[in-house]
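Here's the structure we're looking at; comments come further down.
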Amino acid sequence: MLTCKEQVARSSDYLDGQLSFREKWMVRHHLMFCPNCRRFIRQMRLMQATLKALPEQPVEGIDDLAERLAEQRRKDNPL
Ligand SMILES: [Zn+2]
1 MLTCKEQVAR SSDYLDGQLS FREKWMVRHH LMFCPNCRRF IRQMRLMQAT LKALPEQPVE
61 GIDDLAERLA EQRRKDNPL
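In this text, residue positions in the sequence shown follow the UniProt record's numbering: the first is 1, and each later residue adds one.
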């Protein structure tokens, strides 16, 4: 059985589907018995999904947008 450290080292390859059949099996086996690593994998998967959802290029005019939103908020809630 893998140690948690070995498991973590394989996590990103596991999520990318880069592991051999044998290693994949070892990871699954470890996950079956280790709630900590299950949680870790779940968070990693979530993070990967979030990263993929982000645009590749920095969004143009994001500063303008932030500025405009801030201004809008000032108008809506004058102090
Ligand atoms: Zn573990």
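Glycine is no exception: its CB is placed at the ideal position from the N, C-alpha and C atoms.
As a quick exercise: from Ile62, Met1, Glu56, Asp64, pick the residue whose alpha carbon is nearest that of Glu23. Met1
As assigned by DSSP and simplified to three states, the class of Cys37: helix
Under the three-state DSSP convention, the category Glu23 falls into: helix
When DSSP labels each residue in this structure, what does Leu54 get in the three-state scheme? coil
Met44 - DSSP class collapsed to helix/strand/coil: helix
Euclidean distance between Cα positions of Met32 and Glu56: 35 angstroms
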